[in-house]
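One structure is given below, encoded as structure tokens.
Numbering (our numbering), first residue to last: 12 to 77.
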């Protein structure tokens, strides 16, 4: 695993841990949202098993109806 992949994995793990613990600040939630947006979460193109997918699946929210 390369440096960029390691950084992405650690970022996703840290963001998820902060959200789950309830300690995430508004700024950290915005970072998580932007990270997921940049990864394609809102377009439905996140690859299963990727750090972004793991973060998205671990968030304590349900999908809003369209």
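A virtual CB, placed ideally from N, CA and C, is assigned to each residue, including glycine.
- For residue 57, same chain residues with a beta-carbon under 7 Å away, outside a window of 5 residues either side, are 50, 51, 63, 64, 67 in chain order.
- Rounded to the nearest whole angstrom, the C-alpha separation of residue 46 and residue 37 is 14 Å.
- Around residue 41, the same chain offers no residue with a beta carbon nearer than 8 Å, after the five sequence neighbours per side are excluded.
- When only Cα atoms are considered, residue 19 and residue 25 end up about 10 Å apart.
- Within the same chain, 27, 30, 43 come within 8 Å of residue 70 by CB-CB distance, once the 5 residues on both sides are set aside.
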